[in-house]
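Enquirer: My structure is below; once you've seen it, I'll send some questions.
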Amino acid sequence: MYLNQIAVFVMVNCILALSCYLPLTVGRLFICYGAVMSIGGVVAAEAAYFVPMPLALLCGGVAGLLYAGLVGLICWRLEEFLFAVVTLAIGELTKVLVMNSAAMGGPLGFKNVSAILVSPSYPLVFLSSFVVVLIYFEKSLMRKAFHFIKYSEVTAASLGIPVEKYRLLAISAGGFLAGVAGGLYIHTVGIIEPRMFGFESSIQILMFSLLGGYGYFLGPLVGAIILTITPETLRFSTSFRLVFYGLVLLLSTRLWPDGWFSKRFSISKMRELRGS
Amino acid sequence: MFGEQILNGLGIGCAYALIAAGYNVIFGVLKIVNLAYGEVFMAGAFSALVFARFVSPNPILMCLASIVGASITGLLVHFVAVKPLGNVSNVNSPRHLSVVVSTIGCSLVLQNLALEAFGGYTQPFPRFTDGFITVGRWHIEDVLIVNLLVTVLVGFTVSFLIRRTNVGLRLRAVSDNQVLAQSVGINVNADAVFSVVLSSALAGVAAILISQTSGGISPFMGSMYGFKGLVIVIVGGLGNTVGGILTALVTGLLEALTTGYISSSYRDAVAFGVLVSFIVARYSLTSRRR
């Protein structure tokens, strides 16, 4: 039972890591997937009363897509660093608004769940289908276009790549993944607290990609698996878990600045290309 | 009522202004955004509290204790999380992400150590004065006046330090062009350390001011005020000290007016909403199509 739960968490976090990976491929730090995921979760939980579970999860995904797309539109053409801070602030804003709205559960959290999924089959199916899509995506021409956008906007635009549209596409696609993950999360845990909307969980999601390495989609997966299992194995000292977690972050930025697993398109390679 | 709210807002805004100035000092010299800065601020507040409990509750000594505690923490963050990553000269470089990660790691460690040491609940913080000054129909808390005076004093001291002294000249040189500064014999590393101490001292003073107005401190205050300070600095313009201070004061006013006239639960929503819409209007809508 316990192992089952951990397996579900690992898979949900893997989907979240992939969601955050997509904006990173176009050079954008989207730090509000916590809010996107939670909105997807709430919508999925509401939809589960009317439609079968897989469809409800997809509804959550669509809600996440719309919300992420909205945030992406708000941040249209912002520079990299400003983009990160504005998305962070929008996430916090969403959290405060949610805490004040009764429909989203208020300060106690949203608990209106129709069923609790025990088996890891749903996460497994969704995760594997996303991975299959991403394998094809990594080989596609679009991935190369994304890499050009990240490496040099001006070059990309001069090659006729629609920079801002592709960015929005990447962000919204990530929003879809996050929404599905939110649906899976709420149907496993049974509650979404307002804290989940805020920047703590968004940064947590970002960590998977930053530590795993975001040159290739396996990096975020590796990051998610390791970072989900590490706190669980540290359960012998519940109090100092997050301290250990912080130390892991600190050490790994020094030891592996490119992330634990980054096969293609790594930071050092980008620096080589930039000549700096 | 309205005048009192304005004064309340200015009292909070002053503390935000000091935090914003601290961010700007670090950004100016090191060109990094330190996400553990909120934790430096929290460390200042807690060292003042510990000092008051075990040594003496003298306000000036507590303020010094806060400054010393914050400076030690700031130096720790600098040498553990920022310095080893090497030179990070551009906020938009991919390398900057590793500073973000390592300072977040640092802030997690500091926040949870504080949680272990002091517990998660809000600790009462001794107030230096409890009096009122009555001017006509207004009842003004002494604390607010002290806040305003301290901020003005600190502001002028820092501005004197930056504009008129040798150290300030060096700091301005480094923040203007690091390579050129190095080539005329300025020890950039020493100045970086000095700027860290200066910004941490500002955080220490701000911590005292905020704990005076709110009356309590908790290990979570760092991330909250640190993050708000970051958004304020971005709105004011990174590296633009006057802009940062003005934005901080406006934010404080907005928060006080929201608390007074709408509801305290919407305080952060209004502040963030206005700041975000400002950034979007300033940078997103007005930027030319590339």
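Respectively, the protein sequence lines represent chains A and P. Under this note's numbering, the residues of the first sequence are numbered 1 to 276, in order. Under this note's numbering, the residues of the second sequence are numbered 277 to 566, in order. Yeah, the Cβ is synthetic: ideal placement off N, Cα and C, and Gly gets one too.
#1: If you count every other CB in all the chains shown that lies within 10 Å of the CB of serine 450/P, and 16 or more means buried, which is it?
#2: For isoleucine 74/A and chain P, any beta-carbon pair shorter than 7 Å?
#3: Helix, strand or coil for glutamate 92/A, going by three-state DSSP, please let me know.
#4: Between which two residues does the beta strand (DSSP E) carrying histidine 187/A extend?
#5: With 9 Å as the C-beta to C-beta threshold (strictly closer), list the residues of the stretch 85-107 of chain A near chain P in chain order.
#6: Do you know how far the Cα of alanine 482/P is from the Cα of serine 459/P?
#7: Would you identify the three-state DSSP class for glutamate 280/P, choosing helix, strand or coil?
#8: Indicate whether at least one CB of chain A lies closer than 7 Å to the CB of valine 326/P.
#9: Mind checking the stretch 285-304 of chain P against chain A and listing, in chain order, the residues whose C-beta falls within less than 8 Å of any C-beta there?
#10: Among the residues of its own chain, which have a CB less than 7 Å from the CB of phenylalanine 401/P, if the five just before and after it don't count?
#11: Looking at chain A, is there any beta carbon in it that lies within less than 7 Å of the beta carbon of asparagine 453/P?
#12: At least one CB of chain P closer than 7 Å to the CB of glycine 174/A: is that the case?
#13: Between lysine 359/P and alanine 296/P, what straight-line distance do the alpha-carbon atoms span, to the nearest angstrom?
#14: Touching or not, the stretch 511-523 of chain P and the stretch 411-418 of chain P, by the rule of three or more beta carbon pairs under 8 Å?
#15: Using 10 angstroms around the beta-carbon of valine 118/A, count the other beta-carbons present and answer buried if the total reaches 16, otherwise exposed.
#16: Can you look up tryptophan 260/A in the DSSP assignment and give me helix, strand or coil?
#17: Taking 7 Å as the CB-CB cut-off, is glycine 275/A touching chain P?
#18: Applying the criterion that 16 or more other CB atoms from any shown protein chain within 10 Å of the CB defines a buried residue, is asparagine 300/P buried or exposed?
#19: Would you please verify whether the beta carbon of alanine 532/P is less than 7 Å from any beta carbon of chain A?
#20: From the beta carbon of leucine 18/A, is the nearest beta carbon of chain P less than 7 Å away?
#21: Mind checking which residues open and close the alpha helix (DSSP H) that includes threonine 441/P?
#22: At what residues does the beta strand (DSSP E) containing valine 411/P begin and finish?
#23: Determine the chain P residues that contact glutamate 193/A at a beta-carbon separation under 7 Å, and present them in chain order.
#24: Output the distance between the C-alpha atoms of phenylalanine 503/P and asparagine 310/P, rounded to the nearest integer angstrom.
#25: Give the secondary structure of glycine 304/P by DSSP, where H, G and I count as helix, E and B as strand, and everything else as coil.
#26: What does DSSP give as the partner residues of tryptophan 414/P in its beta bridges?
#27: Using the rule of at least 16 other Cβ atoms within 10 Å of the residue's Cβ for burial, across every protein chain shown, is arginine 566/P buried or exposed?
#28: What would DSSP say about arginine 565/P, mapped onto helix, strand or coil?
#29: Pop quiz: tyrosine 313/P and glycine 289/P are said to be a contact at Cβ under 8 Å. What is the actual Cβ separation, rounded to whole angstroms?
#30: Quick one, are the C-beta atoms of alanine 35/A and threonine 94/A less than 7 Å apart?
#31: Run down chain A in chain order and give the residues with a C-beta less than 7 Å from the C-beta of threonine 380/P.
#32: Kindly indicate if chain A contains any beta-carbon less than 7 Å away from that of glycine 549/P.
#33: Runs of 3 residues minimum, wholly inside the stretch 511-548 of chain P: which ones carry the beta strand (DSSP E) assignment?
#34: Using the beta-carbon count (16 or more within 10 Å), is isoleucine 135/A buried or exposed?
#35: Just verifying my parser: in three-state terms, what is the DSSP assignment at phenylalanine 217/A?
#36: Which of the three DSSP states is assigned to leucine 50/A in this structure?
Expert: So, to answer that:
#1: Here residue 450/P refers to the residue found at position 174 of the second sequence. Rather than serine, the amino acid found at residue 450/P in this sequence is valine. Buried, since its Cβ has 16 or more Cβ neighbours within 10 Å.
#2: Within the first sequence, residue 74/A is the residue found at index 74, counting from 1. True, the Cβ-Cβ gap to chain P drops below 7 Å.
#3: Residue numbering aside, residue 92/A sits at position 92 when the first sequence is read from its first letter. Three-state DSSP puts glutamate 92/A in a helix.
#4: For the purposes of this step, residue 187/A is taken as the residue at position 187 of the first sequence. Where histidine 187/A is concerned, there is no enclosing beta strand (DSSP E), although the alpha helix (DSSP H) it sits in stretches over 163-189.
#5: Val85, Val86, Leu88, Ala89, Ile90, Glu92, Leu93, Lys95, Val96, Leu97, Met99, Asn100, Pro107
#6: Within the second sequence, residue 459/P is the residue found at index 183, counting from 1. Within the second sequence, residue 482/P is the residue found at index 206, counting from 1. Approximately 36 Å, taken between the alpha carbons.
#7: For the purposes of this step, residue 280/P is identified with residue 4 of the second sequence, where counting begins at 1. Glutamate 280/P falls in the helix class under three-state DSSP.
#8: Counting from 1 along the second sequence, the entry for residue 326/P is found at position 50. So no, valine 326/P is outside the interface.
#9: none
#10: Translated into positions along the second sequence, residue 401/P becomes position 125. Cβ within range, chain order: Leu325, Ser487, Gly491, Gly492, Ile493.
#11: Here the question's residue 453/P lines up with position 177 in the second sequence. Taking Cβ atoms only, chain A never reaches closer than 7 Å to asparagine 453/P, which makes this a no.
#12: If you number the first sequence from 1, residue 174/A lands on position 174. No, its Cβ sits nowhere closer than 7 Å to a Cβ of chain P.
#13: Taking the second sequence and counting its residues from 1, the one referred to as residue 359/P is at position 83. Taking the second sequence and counting its residues from 1, the one referred to as residue 296/P is at position 20. Taking the straight line from one Cα to the other gives about 22 Å.
#14: no
#15: Counted from its first residue, the first sequence places residue 118/A at position 118. That one is exposed.
#16: By 1-based counting over the first sequence, the position of residue 260/A is 260. Residue state, collapsed to three classes: coil.
#17: To locate residue 275/A, count along the first sequence from 1; it is residue 275. Because glycine 275/A sits at a pLDDT of 49, beneath the cut-off of 50, its placement in the model cannot be relied upon, and the following sentence gives the value as read from the coordinates. No - not a single Cβ of chain P is within 7 Å of the one on glycine 275/A.
#18: Here residue 300/P refers to the residue found at position 24 of the second sequence. Buried, since its Cβ has 16 or more Cβ neighbours within 10 Å.
#19: One-based indexing of the second sequence puts residue 532/P at position 256. It does not: the Cβ of alanine 532/P has no partner Cβ on chain A nearer than 7 Å.
#20: For the purposes of this step, residue 18/A is taken as the residue at position 18 of the first sequence. No, leucine 18/A lies away from the interface with chain P (no Cβ there is under 7 Å from its Cβ).
#21: As a working note, residue 441/P is residue 165 in the second sequence. Note, threonine 441/P: premise wrong, no alpha helix (DSSP H); not H, not E.
#22: In the second sequence, residue 411/P corresponds to position 135, counting from 1. That run of the beta strand (DSSP E) goes 408-411.
#23: Taking the first sequence and counting its residues from 1, the one referred to as residue 193/A is at position 193. Within 7 Å Cβ-Cβ: nothing; glutamate 193/A doesn't reach chain P, min ~15 Å.
#24: For the purposes of this step, residue 503/P is identified with residue 227 of the second sequence, where counting begins at 1. For the purposes of this step, residue 310/P is identified with residue 34 of the second sequence, where counting begins at 1. One C-alpha to the other measures close to 10 Å.
#25: Mapped onto the second sequence, residue 304/P falls at position 28. Three-state DSSP puts glycine 304/P in a helix.
#26: The sequence position of residue 414/P within the second sequence is 138, counting from 1. DSSP lists Val411/P as partners of tryptophan 414/P.
#27: In the second sequence, counting from the first residue as 1, residue 566/P sits at position 290. Any reading at arginine 566/P must be qualified, since the residue scores a pLDDT of 43, below 50, and its modelled position is unreliable; no value is offered.
#28: On the second sequence, residue 565/P is found 289 positions in, with the first residue counted as 1. Unreliable positioning characterises arginine 565/P in this predicted model, as indicated by a pLDDT of 49, which lies under 50. A coordinate reading is not provided.
#29: Counting from one through the second sequence, the residue named residue 313/P turns up at place 37. Counting from one through the second sequence, the residue named residue 289/P turns up at place 13. About 18 Å separates the two Cβ atoms, so there is no contact after all.
#30: If you number the first sequence from 1, residue 35/A lands on position 35. If you number the first sequence from 1, residue 94/A lands on position 94. Closer than 7 Å, so yes.
#31: In the second sequence, residue 380/P corresponds to position 104, counting from 1. A quick correction: the sequence has isoleucine, not threonine, at residue 380/P. Going along chain A in sequence order, the residues near isoleucine 380/P (Cβ under 7 Å) are Ile203, Leu249.
#32: In the second sequence, residue 549/P corresponds to position 273, counting from 1. Cβ-Cβ to chain A under 7 Å: yes for glycine 549/P.
#33: none
#34: Start at 1 with the first residue of the first sequence, and residue 135/A comes out as number 135. The residue in question, isoleucine 135/A, is exposed, as its Cβ has fewer than 16 Cβ neighbours within 10 Å.
#35: As a position in the first sequence, residue 217/A is number 217, starting the count at 1. Phenylalanine 217/A falls in the coil class under three-state DSSP.
#36: Locating residue 50/A in the first sequence gives position 50, where the first residue counts as 1. The residue asked about is misnamed: residue 50/A is phenylalanine in this sequence, not leucine. In the structure shown, phenylalanine 50/A sits in coil (DSSP, three-state: anything other than H, G, I, E or B).
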